[in-house]
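Chains as they are written, first to last, in the numbering used here: chain H, 4 to 118; chain B, 34 to 146.
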């Protein structure tokens, strides 16, 4: 158990809908990262937050957004869902202090299926 | 940009066989290198890491040495077990203003009894 929690574990929805994925980082970690794992693209970095502020952006679609709250949990919002958004979404967290070079600890993931 | 290339799988071995999974990378600066493992139906777990050239990461019988001259970080284990069956990902973190991990495509390992 990495200490990173993600809910829900599974999500099934329809095209055009909107969903919210939730992540709680390890105690003491200020950074939260979101990744998408799909069969064709592999593991892709989406976005990072540090202590409530967006720090880095990767291959995140405009239909997707995220935020980190004062209690450091994070939410990833996916809207106008398409079939191709079906994937496993991971959250990771890392401890503060060394500019991100430290280990990222991954949650169990949320498996999203868009029908 | 940063990239990681792993040997393509799947890899199928018998129990107690020797394992090597090749990983090479392209990165700016001096990246940190990682191996993560994903067991069936689970998330990613850190297996081992190395943060500078010639460092050797090790854990659970797995080893990998950071080779800057060959830009490689090959994963090895002397004697695999059925319980090692999983997908193995090589990853790098190159720092600067880019805080992401860059992953290889993963290598599926199946160990038969």
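Each residue gets a CB set at the ideal place from its N, CA and C atoms; glycine is no exception.
- According to the DSSP secondary-structure assignment, residue 13 of chain H is paired through a beta bridge with H/114.
- The beta-carbon of residue 98 of chain H is placed no less than 8 angstroms from the nearest beta-carbon of chain B.
- DSSP, read as helix, strand or coil, puts residue 70 of chain B in strand.
- The beta-carbon of residue 77 of chain B is placed less than 8 angstroms from the nearest beta-carbon of chain H.
- Of the residues assessed, residue 133 of chain B falls on the buried side of the cut-off, its CB having 16 or more other CB atoms within 10 angstroms.
- For residue 31 of chain H, same chain residues with a beta-carbon under 7 angstroms away, outside a window of 5 residues either side, are 98 in chain order.
- Contact between the region 65-79 of chain H and the region 43-50 of chain B is absent: fewer than 3 CB-CB pairs across the two stretches fall below 8 angstroms.
- For residue 72 of chain H, there is no enclosing beta strand (DSSP E), as DSSP marks it with neither H nor E.
- Residue-level contact check: residue 134 of chain B touches chain H, since one or more beta carbons of chain H fall below 8 angstroms from its beta carbon.
- Per the C-alpha coordinates, the member of B/113, B/122, B/128 positioned closest to residue 61 of chain B is B/128.
- For residue 39 of chain H, the enclosing beta strand (DSSP E) starts and ends at 34-41.
- Rounded to the nearest whole angstrom, the CA to CA distance from residue 80 of chain H to residue 38 of chain H is 13 angstroms.
- Around the CB of residue 146 of chain B, fewer than 16 other CB atoms lie within 10 Å, so the residue is classed as exposed.
- At a cut-off of 8 angstroms between beta carbons, residue 89 of chain B makes no contact with chain H.
- Residue pairing by DSSP puts residue 45 of chain H in a beta bridge opposite H/41.
- When only Cα atoms are considered, residue 48 of chain B and residue 141 of chain B end up about 15 angstroms apart.
- With a threshold of 8 angstroms between beta carbons, residue 92 of chain H makes no contact with chain B.
- B/105 is the residue among B/105, B/113, B/119, B/50 whose C-alpha sits nearest the C-alpha of residue 84 of chain B.
- Only residues of its own chain outside the window of five on either side were considered, and among them 52, 94, 95 have a CB closer than 6 angstroms to the CB of residue 110 of chain B, listed in chain order.
- Cα atoms of residue 90 of chain B and residue 122 of chain B: separation of roughly 15 angstroms, rounded to the nearest angstrom.
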